[in-house]
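Here the structure comes first, spelled out in structure tokens, and everything after it is commentary.
Protein chains: 6
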Amino acid sequence: MPAPPDLKQLAVGSRVQDALLVVDVEQRDSARGPFTILTLGNCHGQLSTAPFWPEDQPRIAGIERGVVAQVIGEVGQYGGKRQLKVSSIRVLPRGAVDWHLLLPSVGDVAPYWETLDRWRGEIRGPRLRRTIDLFYGDAEFRRRYEECPASTAGHHAELGGLLKHTCEVAVIGRAIAKVCRADQDLVLAGVLLHDIGKLDAYRWPGAFGVTDDGALLGHVTLGMLMLDRRVGEEDPPPCTDQELTILLHLIASHHGRQEFGAAVPPMTLEAEVLHFADNASAKTASMADALDDPDNFTGEALVSAKSLWQLDRRRAYRGSSDWGLGAGG
Amino acid sequence: MPAPPDLKQLAVGSRVQDALLVVDVEQRDSARGPFTILTLGNCHGQLSTAPFWPEDQPRIAGIERGVVAQVIGEVGQYGGKRQLKVSSIRVLPRGAVDWHLLLPSVGDVAPYWETLDRWRGEIRGPRLRRTIDLFYGDAEFRRRYEECPASTAGHHAELGGLLKHTCEVAVIGRAIAKVCRADQDLVLAGVLLHDIGKLDAYRWPGAFGVTDDGALLGHVTLGMLMLDRRVGEEDPPPCTDQELTILLHLIASHHGRQEFGAAVPPMTLEAEVLHFADNASAKTASMADALDDPDNFTGEALVSAKSLWQLDRRRAYRGSSDWGLGAGG
Amino acid sequence: MPAPPDLKQLAVGSRVQDALLVVDVEQRDSARGPFTILTLGNCHGQLSTAPFWPEDQPRIAGIERGVVAQVIGEVGQYGGKRQLKVSSIRVLPRGAVDWHLLLPSVGDVAPYWETLDRWRGEIRGPRLRRTIDLFYGDAEFRRRYEECPASTAGHHAELGGLLKHTCEVAVIGRAIAKVCRADQDLVLAGVLLHDIGKLDAYRWPGAFGVTDDGALLGHVTLGMLMLDRRVGEEDPPPCTDQELTILLHLIASHHGRQEFGAAVPPMTLEAEVLHFADNASAKTASMADALDDPDNFTGEALVSAKSLWQLDRRRAYRGSSDWGLGAGG
Amino acid sequence: MPAPPDLKQLAVGSRVQDALLVVDVEQRDSARGPFTILTLGNCHGQLSTAPFWPEDQPRIAGIERGVVAQVIGEVGQYGGKRQLKVSSIRVLPRGAVDWHLLLPSVGDVAPYWETLDRWRGEIRGPRLRRTIDLFYGDAEFRRRYEECPASTAGHHAELGGLLKHTCEVAVIGRAIAKVCRADQDLVLAGVLLHDIGKLDAYRWPGAFGVTDDGALLGHVTLGMLMLDRRVGEEDPPPCTDQELTILLHLIASHHGRQEFGAAVPPMTLEAEVLHFADNASAKTASMADALDDPDNFTGEALVSAKSLWQLDRRRAYRGSSDWGLGAGG
Amino acid sequence: MPAPPDLKQLAVGSRVQDALLVVDVEQRDSARGPFTILTLGNCHGQLSTAPFWPEDQPRIAGIERGVVAQVIGEVGQYGGKRQLKVSSIRVLPRGAVDWHLLLPSVGDVAPYWETLDRWRGEIRGPRLRRTIDLFYGDAEFRRRYEECPASTAGHHAELGGLLKHTCEVAVIGRAIAKVCRADQDLVLAGVLLHDIGKLDAYRWPGAFGVTDDGALLGHVTLGMLMLDRRVGEEDPPPCTDQELTILLHLIASHHGRQEFGAAVPPMTLEAEVLHFADNASAKTASMADALDDPDNFTGEALVSAKSLWQLDRRRAYRGSSDWGLGAGG
Amino acid sequence: MPAPPDLKQLAVGSRVQDALLVVDVEQRDSARGPFTILTLGNCHGQLSTAPFWPEDQPRIAGIERGVVAQVIGEVGQYGGKRQLKVSSIRVLPRGAVDWHLLLPSVGDVAPYWETLDRWRGEIRGPRLRRTIDLFYGDAEFRRRYEECPASTAGHHAELGGLLKHTCEVAVIGRAIAKVCRADQDLVLAGVLLHDIGKLDAYRWPGAFGVTDDGALLGHVTLGMLMLDRRVGEEDPPPCTDQELTILLHLIASHHGRQEFGAAVPPMTLEAEVLHFADNASAKTASMADALDDPDNFTGEALVSAKSLWQLDRRRAYRGSSDWGLGAGG
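Protein chains in written order, with our numbering: chain S, 1 to 329; chain H, 330 to 658; chain V, 659 to 987; chain C, 988 to 1316; chain F, 1317 to 1645; chain D, 1646 to 1974.
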């Protein structure tokens, strides 16, 4: 299979003949009749199709959100924006294409594992290490964890995003723990456990979404239940009841305040560190994404054209300087 | 001069014969008549006196907040709490005693300078380095900066607290910048400049307080004015207008949101990093202080006796575990 | 043992010779020296003692919060308020007196059980009934549930308060469910399960308090963990995974909004009903208590003397009318 | 006149020849020119028409919001949604058709009256009964009250909705009053009076809307004025001044908090009961409506496709279980 | 009767022999026994007494809040504060002393009336003038209006304060109306009517307080009811229904937002003007009072010693400059 | 050059042959293809064009936001709204047309200057007058100040709007200062300085917009920097350091609260006056604009058709009465 085309960069006139994910199917009305526009995507990004008119409906029978299709077409332009004029589209059997070619991804996950596993190996308390290893020493857990996105449409919304985010929180959490003299091992444990509930709260093959359990219980309590159940399966238990409570508190409080979804606010130094590290990774990733997206800016403007929802309605500024560096200063 | 006694640990029956700072002078009424209680302090902590009754008033003439006094007395106990029974108290001339012996302090500031100066030396953009050096290359600025507290009664409220806090924000900021790929030099510049306004907003000899300028303008805008004035004094200017705006924005936005005192919210990646690093240093220091203070806990209780104002009315938990480490696990 | 005296009504001059709970031990300072005041209580209410002066300290050695003591004394008056002048106070062995004589209580719990058990018996879905019976069919659970208060210092803060509150929520929930056509059985299940976490979150022998687990995890998530663990112990499971999620959602969402401590907001009709029924029972109990407490009013005033914290800083009005009924209207 | 067709269920190809209410007239632009779409409704629901193009404008002259028209047409389909292709539409004289056939309605109001009148008849205080009867014993008031909707586009937005809502609040209010021992008669009086201002605040013949008085004064104060005026017309007055104030307070406070439109917060037990009963009826009706509306869900999904404004931006879950009932468990 | 002494300025050693208002009676405990302190006041201010010990109780029998007493005593000092050592205190018959000598007051009200009556006389619309004159042309209304305070403990809390505040709102409202071209007559009508409900909401003879009606209904709705009733008494009515609604809306909305107690937000230009004028008069009066009160500042400090509740927890700054004027600039 | 046509009133069929500003260029899609609509404006208002279809694109090459064009066309109608059918549109050279003919404007600015300069001339403190005159005595400052809008799309969004707003704030501020006895000269200084930062924060030739500095620093801190720099340029300085701080505080606090963009809340009486005067001018202008705009109302309705964002989501009421004046009252 050839390398997937970079949908974000494909020039007008380029030919496409590739397996693409149907990310969205949108019906709109017009005076000429109703039409359908597909949003197609792969690991590089997304591109919309030209309209399918009523007479084209048979050609897109069976095309729905989450399906993978073999698409033949050509990149055109309409109203200043690129679009894909599809000449043929055909549903592929489930599993015919590796999801990693169809969805955005953090790429090679090995460095993230290498970092986290190294630090995990340095945990000194045997009961803490044993409890963490119930998850991080389990191959099936690792297989799912390295695929899961960290959100469905916000920060780190990509395959492996959760693992990357976890690694970032670990880096930041260690720096904070160092200056405030928190227990590094316990902070790391919190980092590794805080988002495990997302494995039950999200689904990602096909298209990123929230499971019914995710909607009804939230990833915070799902993570607490997951830890509680797994520890409960072990005989003898890997840690004491008080220790389990300390770990559950790290998960319960990592959103910081109840109005942001914490079950309780942080009451230990390590929970406080975890909250700030988690927040810093999530929010700076959103800012970096917003600045990277040219659609947020008009022409040469340095300030974003509108306030951005992912930044809580702030505008962003992409101006920069080399501070005289280029001038050999 | 002998080493100042550790007021926090002094046992009942101990004799005191030392120079102490008059931190507070409080008048109260009682059925027996009005009485006065002094709070005395030094670099190790504070201790309250036994009451001075009306007949004792001549002995404390001239004793007011911020004065240094030679105190002779003995540690007694009253209602379960230690108190100092003063037999003699005499005002000392201003400057007779080094402030560092009278106020809480971070101790040796050299390591903080060493860290910050090393990183400062690595700034690559010449105009950025030059602008920063207007302050950090100035001996008088350094002399004041290494004394200033980071707050008057909250986090890092000690001599040198601002420098220590700056160093912590630098450590955390570098970690965040690394994972989100922000400009490390610009983040460091923001770290070094964000709180310079506190030099004008606080006063610390005698007792920590807020200046009139600090109350009327706030440390955020005072810092902006300080940077603007200092750059304006240079001819040619050390940086361009746009660069100055970028630096001013870092100061202006470091409180994150207007309701927390930011002039504008962060609009650049580096401003976002700075905000989260600043917040993490301040809030985890408050949590660590709260957990260290035995007055927040009753007896053997692991949960604090009351919700703590410095933690936004949260309670704190001081329980911990060695996770089996002691057991040779 | 004689019936415990009604501490709220005892006239000045009355003699007390009874076992009382030491609800609080408060140290205060005065010009004459430090003194101690005890708050003593039994099932009828509380009464404070006259001061114990330094010379009286040996008489109250060993008296601490939560202890039960045999007290001999006489009701006096001081500054317009009744106080107990204690001539003898002696610690009793733990367990010497039935807690029900020492703490406020809802009284006979049988009618509450009768009502709840009757409705529980009418649940039609066998898997729902079986799951509920894991708790309500368990003698040890019932023994603890009928003792537990519904809060430590707010609404239904009395032995059996949780059971009484549960019964009230059931009555109200059924009425709401009737008019909005919710599933009565599922609403009842939510009513019976929503506060089970309080068994782990509170402790009540001695004096009402919050456990470490209650502080670190909150009664909402403790209840979810309790249900999850109990169901997990059964083989085969009493209900399906989806059914367990629906029950967990009822517990998770019963506080209505995240800022009020809900893990997630209600997403089903039954969860919405439960939330409003729970709220109505708690808030109207607080209002009724506030109106019943003469200390909230001055003299003949109909409007409370101050805004009341338990009513979110509202004032209360105790005026009423017989609307002409007495006049034979 | 034949029974009005069920617009919500009418199959494609069905013929319509009925009197319908013009609920909305919407002008839109398209490349082919401007077009008009009508929303037509009757007691069963609503259906939109196919576009009227410029050449069709004469056919819809005089058609405006609130008019009743005799419509002939056929149900077609366009973009997956049903629409009415109108072949003839003709304005009918005002009053030609019973409003109850044209607007959504609660149906037979007799049972609601029966319930409320029965409980009203049990009010014991003669002055209370007399005051309530000024309204509920007045035929013209009853005629209007049994038509008025409880909101224009939210809960119980249907003819008779106010009466139905009143009945629901009565049922719930009695249950709450029972458990907190509030005065049942006074709670009922509050239930019967709390929303009378809606008679002046809303208009409903034609289409539901807010009157100028409703916008400028709000239904809370309109209700207070209505009670005050009506009582003022009686000589001798039916109740005392204090009693009138107690009733006015019930109306004034039924929204609970000032930010939700209460003039004052509830200060009596009966006002507190009324507030929670009112809220429970309104909010659970909204949840039930949201779950009943298939447009809120996509395909087989159990969680609503988007957050719903009428639920304060929550999602809803329509999953359910028979808990083994069908299996004969 | 001699002029009342200026209690705020009376020097230590001065003799008092005057009728004073008992503003407060406070019981406190001490080791020596319970004691009572009276706060006495007259039109110039207030002064506290020395303690009345148990043996003094017969001397203050019958002394309660709101009573007027003939007091003989001498100004002493205790703990740095002046206090009145009472040698004789005797209750005077109700009405023996003019309230204006006993309560703080705005002084001569004639200028306020002169201003308001002049502008009232310029109202051009006859129906508007007639409606306003129902109140402002009524001698009894004027007698009460010129006594009523504008609040019980906040801005303009003095006899005549409501009239003074009304006059201030008129001055400011006219300036705002001028620049935004609002209807001056209607703004004036709103100014004159907006606070009439305070006549029913407050009581002022004796001591300022809130009536039961004021607590249960609030001055906003009381004012609306007062206008509605008065207009309803006239036959023919002085204005049309729409005009009455416009006037009621001015009262209903003058607090601006529902969370600040408005029944509805301002929807007309005149209501908006009224709201801002009312707010400006109230808030700047509070600021001026705070700056005038030396108790808010310590020694020579220019910034207030603490944040002030009456300024929403702001500090105040009393620094000023003559900007070189004194220097003959 | 002929007088610019009144775009708001131009009848259908009118011919246009004028220089117009391209206020907006909007691309939309339709089934017939993409099309472009221009919004054209001049000093009287704005008018949209009929669509430019793909085949028309060459005719609008070079037409972008902020350009001035010579336009020939005729007013048509489409979907009930007027539109301009353009037959010819041609870009004019920058500067060919006076901006005052192209943008909304307050008209003649002389009266505003006359008022402000007169009051400025009455300032008594020489150092205050001198500091103000650094700006208001500077011709270049005046030239820019009399052009600048007071906002880009809110209140006073027109050329000269800032000057007009300043004049309004002065009128209102003087009235408030009079009743609360604030320093009139200092209030006027605050009025004149509070918005000077808008000169740096906004740009207005072409189309109103926010500069990068305006976005990154905000007009409040820009104004503080502007004052600080200008004063710093003078030798000797025109005022003392404390005086400069008092002036900077007026700018810093004029938004009243931090959540509304104030650097600090008002701490002086004059800052409080300024804040309320500024707010009253801005908010009543928005209300007056909303009431003047017929697009906010449907047909004869007196209440606005929807809640208006510029009024914080309130509705507006345009009903009025002559109160019998016309009837010869």
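Ideal placement from N, C-alpha and C gives every residue a C-beta, glycine not left out.
Quick test of your reading: H/Glu572 and S/Trp323, contact by CB under 8 Å. State the CB separation rounded to the nearest angstrom.
6 Å
Neighbourhood of F/Gly1389 by C-beta distance below 6 Å, restricted to the same chain and skipping five residues each side: Val1332, Leu1400, Lys1401, Val1402, Ser1403
If you drop the 5 nearest sequence neighbours on each side, which residues of the same chain put their C-beta closer than 7 Å to that of S/Ala285?
His155, His156
Do the segment 185 to 201 of chain S and the segment 215 to 227 of chain S touch if we need at least three Cβ pairs shorter than 8 Å?
yes
*asked:* Strictly below 8 Å CB to CB, what residues from chain C border F/Thr1561?
replied: Asp1199, Asp1200, Leu1203, Leu1204
Closer than 8 Å, CB to CB, is H/His578 near chain D or not?
yes
request  = Could you have a look at C/Ala1018 and say whether DSSP puts it in helix, strand or coil?
outcome  = A caution first: C/Ala1018 carries a pLDDT of 48, below 50, which makes its placement in the model too unreliable to give a value.
Item to complete: Could you list which residues in chain D have their beta carbon closer than 7 Å to that of S/Arg315, in chain order?
Response: Ala1860
Next item on the list: For D/Val1657, collect the residues of the same chain with a Cβ closer than 7 Å to its Cβ; drop the 5 residues on either side in sequence, then sort them by chain order.
Entry: Val1720, Gly1721, Gln1722, Arg1727
Next item on the list: Note down, in chain order, each residue of its chain lying with its Cβ closer than 6 Å to the Cβ of V/Leu679, except the 5 sequence neighbours on either side.
Entry: Gly699, Val726, Leu760
In the DSSP assignment, find the alpha helix (DSSP H) that holds D/Leu1838 and state where it starts and stops. 1829 to 1838
For the candidate residues C/Pro1113, C/Tyr1189, C/Pro1225, C/Phe1284, whose alpha-carbon lies nearest to that of C/Leu1149? C/Tyr1189
Just to confirm, are V/Ala946 and C/Leu1256 a CB contact at a threshold of 8 Å?
-> yes
Excluding the 5 residues preceding and the 5 following C/Leu997 in the sequence, name in chain order all residues of the same chain whose CB lies nearer than 8 Å to its CB. Val1003, Leu1034, Val1062, Arg1069
(message) Short of 7 Å Cβ to Cβ, which residues in the segment 1936 to 1970 of chain D face chain F?
(response) Leu1936, Arg1959, Arg1960, Ala1961, Tyr1962, Gly1964, Ser1966, Asp1967, Trp1968, Gly1969, Leu1970
- Query: In angstroms, rounded to a whole number, what distance separates the CA positions of S/Gly261 and V/Ala808?
  - Reply: 24 Å
Compute the Euclidean distance between the alpha carbons of S/Pro93 and S/Gly107, then round it to the nearest angstrom.
24 Å
What distance in whole Å lies between the Cβ atoms of S/Lys178 and H/Val500, which are believed to be in contact at a cut-off of 8 Å? 7 Å
* Asked: Can you name the residues of chain S whose CB is closer than 9 Å to the CB of V/Gly919?
  -> Gln258, Ala263, Val264
- Under 8 Å between the Cβ atoms of V/Ala948 and V/Ala974? yes
Let me confirm a value: V/Arg971 is counted as buried when at least 16 other C-beta atoms fall within 10 Å, else exposed. Which label applies? exposed
- prompt: If we cut at 8 Å on Cβ distances, does F/Ile1405 have a partner in chain D?
  reply: no
Open item on the list: I'd like the list of long-range same chain contacts for S/His165, defined as Cβ closer than 6 Å, with 5 residues on each side in sequence excluded.
Closed with: Ala150, His156, Ser281
Do V/Gly724 and V/Gly864 come within 8 Å of each other at the CB atom, strictly closer than that value?
yes
Nearest candidate by alpha-carbon position, reference V/Arg787, set V/Pro895, V/Glu930, V/Asp756, V/Met882 | V/Pro895
Check: D/Asp1873 versus chain H: which residues are under 8 Å apart at the beta carbon?
Finding: Leu554, Asp557, Arg558
* Asked: So, does the CB of D/Leu1652 fall closer than 8 Å to a CB anywhere in chain H?
  -> no
Exercise for review: Assign F/Gly1389 to one of three DSSP states: helix, strand, or coil.
Suggested key: strand
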